[in-house]
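There are 2 protein chains.
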Amino acid sequence: MTTYTAINLVARPTGGPISAELFEVVQKEIPQVGPGEMLVKQTHMSLDPAMFGWMSPDTESYIPPVELGTVMRSSGIGEVVASEHADFKVGDRVMGMLGWQEYNLSKGQGLNKVTAPMPDEAILSIFALPGLTATQGLFSIGKPQKGETLVVSGAAGSVGSIVGQLAKAEGLKVIGVVGSDEKADWIVNELGFDGAVNYKSAALAEELAALTPDGIDVYFENTGGPVQNIVFERMNNFGRIAVCGMIADYGKAKASPGPNWIPLIKNRITIQGFAMPDHFGDVPALLAKLTPYVMKGQIKHRAHVLDGLESAITGLNLFFTGGNKGKLIVKL
Amino acid sequence: MTTYTAINLVARPTGGPISAELFEVVQKEIPQVGPGEMLVKQTHMSLDPAMFGWMSPDTESYIPPVELGTVMRSSGIGEVVASEHADFKVGDRVMGMLGWQEYNLSKGQGLNKVTAPMPDEAILSIFALPGLTATQGLFSIGKPQKGETLVVSGAAGSVGSIVGQLAKAEGLKVIGVVGSDEKADWIVNELGFDGAVNYKSAALAEELAALTPDGIDVYFENTGGPVQNIVFERMNNFGRIAVCGMIADYGKAKASPGPNWIPLIKNRITIQGFAMPDHFGDVPALLAKLTPYVMKGQIKHRAHVLDGLESAITGLNLFFTGGNKGKLIVKL
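Chain order of the listed sequences is X and Z. Residue 258 in the working numbering is what sits at position 257 of the first sequence, and the numbering runs on without skipping anything. Residue 304 in the working numbering is what sits at position 303 of the second sequence, and the numbering runs on without skipping anything.
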């Protein structure tokens with residue numbers, strides 16, 4: 002009998018860093034495929050901030066939480082190693098919700114073939130959740146117009162870096178909010194952002210004001226935290242705010258307050274929260290929108306690769322510390 | 002020489018109740034009309050919460066503040082008493098921004114003839130700013146759907162009472178937030194709201210929960226204050242919030258914080274602030290939308306009439322105390 006490793010969620014986070022006790026590492030027997038089934042050997046697995054929502058006990062979130070005692074949810078890329086499925090053959094490369102495990106027995110539901118001649122890491126960094134989320138939020142909610150100013154928080158993160166590059170390609174002035182000088186340097190000098198501020202700076206408000214002399218038309222919110230109020234105060238008339246993530250508050254027992262709503266009226270601002278699972282039906286259109294920018298070389302990425310399934314557990318905490326440099330990917 | 006009374010704004014409010022020192026009551030000579038001009042004798046003048054914005058020094062608001070030393074801005078109805086204007090004749094009834102004054106010399110710009118066979122008070126209560134604002138915000142932002150639940154704050158106010166009645170006519174469950182038992186009684190028993198809560202109640206959250214067992218789909222915000230957070234927590238997936246007024250915070254030196262944005266993502270909520278002056282071009286369409294409800298008797302109103310121009314000054318404070326019962330109108 003040959004076994005593989007899987008990781009189950011066995012308890013829910015209560016705030017603060019993710020502890021190893023929330024998970025159970027188990028060994029399972031590699032199954033035989035039956036009629037209509039295929040076996041996928043996962044090669045690269047994506048870590049995403051959305052996972053904190055999937056782990057939380059909140060039953061009102063946009064998708065049900067991961068059931069305790071079952072494999073932790075995640076997307077990934079793998080290779081079909083056995084198949085009795087009509088549409089997939091051995092050697093096919095597939096992407097989908099493969100979970101925190103080395104093998105996935107599947108009937109093909111929710112799995113798509115990957116044919117693009119790009120490495121797994123690039124696929125997961127651009128064409129998976131990050132790129133879809135960036136494309137959906139930026140164009141549907143942000144409605145970017147050439148000449149406008151966009152600010153994106155978590156700007157060196159997997160979603161934020163794509164949002165900023167898409168907006169640059171559309172002719173906007175783009176300022177990124179990051180948590181380190183290294184990230185500021187990367188988004189300005191490698192990705193072509195017009196400027197960056199470090200949210201840890203004591204002069205954050207002044208720095209942001211200096212970089213956005215014409216105010217802010219679009220804010221893409223990935224983090225929350227004190228920068229939110231500072232950006233909010235600088236929003237122009239008819240500004241749009243896409244709320245994608247609030248990582249600064251996910252670990253808190255008590256969430257921090259948001260801005261007062263008077264500027265919403267004075268400046269006729271729209272704020273809209275969104276979650277990618279609502280738009281899975283639009284994935285073909287989103288990919289069609291995103292692909293030309295990638296083909297023109299306008300979307301660069303960097304992957305921060307962790308080694309081995311169990312590195313996922315401590316890897317999650319990199320979202321809280323900001324220690325990740327680029328898209329977090331676990332190589333199996 | 003015959004004179005008339007006008008009231009100029011001479012200082013800006015700094016928070017708290019409106020003081021008489023902000024205004025100067027002046028006597029002016031009644032002018033002669035020249036070619037292309039007409040003279041309007043104002044009969045009824047509207048007081049609106051938007052006036053606090055017009056008086057404030059904030060130059061970033063949606064229309065410029067009233068210049069110090071000039072007549073305070075307001076809408077009203079009057080009668081043409083002299084005319085050398087081709088489109089208006091003596092005896093015509095007109096509505097527009099007539100200001101805090103008994104007479105207005107006009108070239109007709111922004112003035113519209115009133116032909117509806119309704120008393121001035123009803124015109125100002127339904128077809129002027131309140132009804133236009135309610136119609137614009139409810140339908141464009143609230144997007145009410147039959148069977149949904151709507152909550153409106155300031156529900157006995159000029160805008161809120163129309164919002165609630167329009168939503169009832171559209172088949173929604175409608176709960177109003179008010180500041181007195183008398184107002185609660187009026188909106189439920191006279192206007193047909195499904196329920197009311199008094200924002201001063203110690204058990205506000207529990208009462209609102211009991212009245213909205215299926216959550217809240219649309220929130221029409223006229224007031225701000227602690228009820229905002231309570232409503233926000235009960236918003237359903239894909240809920241819509243129209244932000245029209247924040248009277249609870251207008252008098253404050255430091256505005257209170259708003260809700261944390263995490264629920265915006267979890268429940269994919271949209272919040273949009275709006276101001277009627279942006280939509281003056283849509284007035285014909287808004288009137289066409291509103292009129293059938295009025296004709297069917299679905300929109301009741303009550304006017305709170307103050308007597309004499311100078312009563313406007315202290316009348317403004319009724320918005321802060323909630324002492325007004327219905328649309329505030331000054332009879333000249």
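Where is the CB? At the ideal position from N, CA and C, for every residue including glycine.
Just verifying my parser: in three-state terms, what is the DSSP assignment at Asp-195/X?
coil
In the structure shown, what three-state DSSP assignment does Met-52/X receive?
helix
Leu-167/X bridges to which residues according to DSSP?
Leu-167/X pairs with nothing; no bridge assigned.
Would you check if the stretch 105-125 of chain Z and the stretch 141-155 of chain Z touch, i.e. whether three or more CB-CB distances between them fall below 8 Å?
no
Spatial distance of Gly-148/X from Glu-311/Z (CA atoms)
48 Å
Hey, which unbroken runs of the alpha helix (DSSP H) at 4 residues or more fall wholly within the stretch 103-176 of chain X?
130-137, 159-170
Curious, which full-length alpha helix (DSSP H) runs of at least 4 residues does the stretch 194-242 of chain Z contain?
205-212, 228-234
For Asp-121/Z, which option in Gly-77/Z, Lys-326/Z, Ala-206/Z, Glu-103/Z has the closest C-alpha, if you only look at C-alpha atoms?
Gly-77/Z
Which of the residues in the stretch 265-298 of chain X, read from start to end, lie with their CB under 9 Å from any CB of chain Z?
Leu-265, Ile-266, Lys-267, Asn-268, Arg-269, Ile-270, Thr-271, Ile-272, Gln-273, Gly-274, Phe-275, Ala-276, Asp-279
Could you tell me whether any Cβ in chain X is nearer than 8 Å to the Cβ of Ser-257/Z?
yes
First and last residue of the uninterrupted alpha helix (DSSP H) at Leu-319/X
319-322
Which chain Z residues are close to Ile-263/X, counting only those with a beta carbon under 7 Å from its beta carbon?
Met-247, Asp-250, Ala-256
Residue range of the beta strand (DSSP E) that Asp-308/X falls in?
304-308
My output table needs one value for Met-277/X: the three-state DSSP class, helix, strand or coil.
helix
Assigned secondary structure, Leu-99/X (DSSP; H/G/I helix, E/B strand, else coil):
coil
Using 8 Å for Cβ pairs, my map puts Thr-6/X next to Glu-103/X. What's the rounded Cβ distance?
5 Å
Leu-69/Z (DSSP reduced to helix, strand or coil):
coil
Report the CB separation of Val-164/Z from Val-179/Z in whole angstroms; it is logged as a contact under 8 Å.
Going by Cβ atoms, the distance from Val-164/Z to Val-179/Z rounds to 13 Å, so no, they are not a contact pair.
Measure from the alpha carbon of Gly-226/X to the alpha carbon of each residue in Ala-210/X, Leu-205/X, Thr-15/X, Ala-289/X, then state which is nearest.
Leu-205/X
At the level of alpha carbons, what is the spacing between Ala-156/Z and Asp-195/Z?
12 Å
Please classify Asn-190/Z: is it buried, with 16 or more other beta-carbons within 10 angstroms of its beta-carbon, or exposed?
exposed
Please compile the residues from chain X whose C-beta is within a distance smaller than 8 Å of the C-beta of Val-244/Z.
Trp-262, Leu-265, Ile-266
Would you check if there are 3 or more beta carbon pairs closer than 8 Å linking the stretch 23-39 of chain Z to the stretch 294-314 of chain X?
no
Closer than 8 Å, Cβ to any Cβ of chain B: which residues of the stretch 222-234 of chain Z, in chain order?
Note that chain B does not occur in the displayed structure, where the protein chains are X and Z.
So Lys-267/Z and Tyr-63/X are supposed to be a Cβ contact under 8 Å. How far apart are they, rounded?
6 Å
Contacts around Leu-319/Z, its chain only, beta-carbon distance under 7 Å, and the 5 residues preceding and following it disregarded:
Asn-325, Leu-329
Less than 8 Å between C-beta atoms, sequence neighbours within five positions excluded: which residues of the same chain meet that for Pro-260/Z?
Gln-229, Asn-230, Phe-233, Glu-234
How many angstroms separate the CA atom of Gly-282/X from the CA atom of Leu-288/X?
11 Å
Ile-263/Z and Met-247/X closer than 8 Å at C-beta
yes
Taking only beta-carbon positions, decide if Tyr-220/Z is within less than 8 Å of chain X.
no
Please name the residue in Gly-16/X, Asp-93/X, Leu-130/X, Leu-99/X whose C-alpha comes closest to that of Val-284/X.
Leu-130/X
Using DSSP bridges, identify the partner residues of Gln-299/Z.
According to DSSP, which records beta bridges pairwise, Gln-299/Z is partnered with nothing at all.
Starting from Ala-7/X, follow the beta strand (DSSP E) in both directions and report where the run begins and ends.
4-10
Indicate whether Phe-89/Z and Val-95/Z have their beta-carbon atoms separated by less than 8 Å.
yes
Check for me: the alpha helix (DSSP H) holding Ser-257/Z runs from which residue to which?
Careful: Ser-257/Z lies outside any alpha helix (DSSP H) and carries neither H nor E.
Applying a beta-carbon distance threshold of less than 9 Å, which residues of chain Z neighbour Tyr-63/X?
Asn-238, Ile-266, Lys-267, Asn-268, Arg-269
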